[in-house]
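Inspection log for the structure reproduced underneath, given as C-alpha cells.
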Amino acid sequence: MANVGLKDLLEAGVHFGHQTRKWNPKMRPYIFIARNGIYIIDLQKTLRALNKARDFLTGVSAKGGTVLFVGTKKQAKVAVKELATRCNMPYVTERWLGGMLTNWQTISKSVAKLDEIESLRATGKIEQFSKKEQLEIARTYEKLEKNLGGIRHMKGLPAAVFVIDTVEEETAVREANKLGIPVVGIVDTNSDPEMVRYPIPGNDDAIRAISLYVSVAAAAIAEGRSSRHEGRDGGVEIQADRAGRAAPAAVSMDDAGAASE
Numbered sequence: 023m024a025n026v027g028l029k030d031l032l033e034a035g036v037h038f039g040h041q042t043r044k045w046n047p048k049m050r051p052y053i054f055i056a057r058n059g060i061y062i063i064d065l066q067k068t069l070r071a072l073n074k075a076r077d078f079l080t081g082v083s084a085k086g087g088t089v090l091f092v093g094t095k096k097q098a099k100v101a102v103k104e105l106a107t108r109c110n111m112p113y114v115t116e117r118w119l120g121g122m123l124t125n126w127q128t129i130s131k132s133v134a135k136l137d138e139i140e141s142l143r144a145t146g147k148i149e150q151f152s153k154k155e156q157l158e159i160a161r162t163y164e165k166l167e168k169n170l171g172g173i174r175h176m177k178g179l180p181a182a183v184f185v186i187d188t189v190e191e192e193t194a195v196r197e198a199n200k201l202g203i204p205v206v207g208i209v210d211t212n213s214d215p216e217m218v219r220y221p222i223p224g225n226d227d228a229i230r231a232i233s234l235y236v237s238v239a240a241a242a243i244a245e246g247r248s249s250r251h252e253g254r255d256g257g258v259e260i261q262a263d264r265a266g267r268a269a270p271a272a273v274s275m276d277d278a279g280a281a282s283e
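Counting from 1, position 184 in the sequence shown corresponds to residue 206 in the numbering used here; the numbering is continuous, with no gaps.
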C-alpha cells in the first residue's frame, strides 16, 4: 500500500475496538473514547505505531532479514498468505504448532520431509511402495503441506515476526519473545501491548483492517529489499528501534487532524 493516512484507517474500521467489558487495562493509553459499549481506538496513535513498525520492517528487509507473517484466524488467512507470498516471506495461516520457533531444528526436519516426498514422486520411486504405504505417505504430505507449507523455504529463525491478533497468536508471540525475536503485532483493546516490541493498536477482526496492516508490512519489506539491491541499507538497526528517526514518507500524518470519533 503506497500511501496510508488517518482517512484510510477510518475507512478500514481500524478504530473499532472490542466491547468495553472485554478489555485489557494496559490498552488504556491507546483508547480514544467508549461509545455504545465499544471502545474507539485513537487513530493518531495507531498511525504513529504503524510508522514505527513500517520503519523497522523496512530495516529488517534492507539487511536481508526474514519476516515471518502469522495470522491463523479466519479473517486473516487470505490476506496473510497472499501478501506474504507476494513479498516472498514465510507465513503461518493454519494452527501454530508449538515449537515452530523454539524447537526449529525439529520443525525443519518435518519441513524437509516435504521435499523428500516430492522427490519420491518426481523420480517415480514412490511406486516402490505398496498402495497402503503410498496412501500413508500422501496423507503425511497433505498434513505437512497444510501446517508447514508456508514456512518450507524458511532457512532458519526469522529476524522478525509480524502477528495479526496477539491474543489469538499468544504462543507464537511467547516463542519469539523467548528467543529475542522482535514482534510487530496488531493489538486490539483486549490485548497486552507490552507483549510485543512494536504494538500497533487497531481492530484485529475486520478483514479490511487486516488487509491494510498486511499491505503496509508487505510494502515496507519491498521498500527495504529495493534499497538493499541498490546498496543503500543505511545502517538500519534490526534488533532495536533507534529513537528520533523520521517516519517513512509512505505513511503520512497530514491526512486529517484528529482521532476518529
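Think of the CB as a built atom: it goes at the ideal place given N, C-alpha and C, for glycine as much as any other residue.
Simplified DSSP state of residue i, which is helix, strand or coil
| i | result |
| --- | --- |
| Val209 | strand |
| Ala262 | Since pLDDT at Ala262 reaches only 36, below the 50 mark, its modelled position is unreliable, and no value is offered. |
| Arg57 | strand |
| Gly86 | coil |
| His40 | strand |
| Pro221 | strand |
| Gly257 | Because Gly257 sits at a pLDDT of 43, beneath the cut-off of 50, its placement in the model cannot be relied upon, and the following sentence gives the value as read from the coordinates. If DSSP states are grouped into helix, strand and coil, Gly257 belongs with coil. |
| Val189 | coil |
| Ala182 | strand |
| Asn199 | helix |
Cβ-Cβ distance between residue i and residue j below 9 Å
| i | j | result |
| --- | --- | --- |
| Ile222 | Ala56 | no |
| Thr80 | Met111 | no |
| Val82 | Ala182 | yes |
| Leu105 | Pro180 | no |
| Met49 | Pro204 | no |
| Met217 | Gly207 | yes |
| Ala98 | Arg250 | no |
| Phe78 | Tyr220 | yes |
| Thr115 | Thr128 | no |
| Pro47 | Lys67 | no |
Residue i versus residue j: straight-line alpha-carbon distance, rounded
| i | j | result |
| --- | --- | --- |
| Lys103 | Leu142 | 27 Å |
| Ala242 | Ser233 | 14 Å |
| Ala194 | Ser248 | 29 Å |
| Trp45 | Lys154 | 52 Å |
| Thr145 | Val36 | 50 Å |
| Phe151 | Ala134 | 20 Å |
| Glu140 | Phe38 | 45 Å |
| Asp210 | Leu157 | 44 Å |
| Glu33 | Asp227 | 14 Å |
| Gln41 | Ile186 | 19 Å |
| Ile229 | Asn25 | 19 Å |
| Glu167 | Ser237 | 25 Å |
| Gly27 | Leu69 | 7 Å |
| Lys147 | Ala101 | 37 Å |
| Val92 | Glu149 | 37 Å |
| Phe54 | Lys74 | 20 Å |
| Lys177 | Gly121 | 16 Å |
| Thr188 | Ser213 | 7 Å |
| Glu252 | Ala244 | 12 Å |
| Lys29 | Lys131 | 46 Å |
| Ala196 | Lys165 | The amino acid occupying residue 196 in the given sequence is Arg; Ala does not appear at that position. Those two C-alpha atoms are separated by around 25 Å. |
Neighbour flag for residue i against chain C, beta carbons, 9 Å
| i | result |
| --- | --- |
| Lys44 | In summary, chain C is missing from the structure at hand, where a single protein chain is found. |
Would you mind listing the alpha helix (DSSP H) stretches within the region 100-166 that are 4+ residues and don't spill past its ends, in chain order?
Within the region 100-166, the runs of alpha helix (DSSP H) that reach at least 4 residues and sit entirely inside it are, in chain order, 126-145.
Taking contact to mean at least 3 C-beta pairs separated by less than 8 Å, is the region 48-66 in contact with the region 162-172?
Not touching, per the Cβ criterion.
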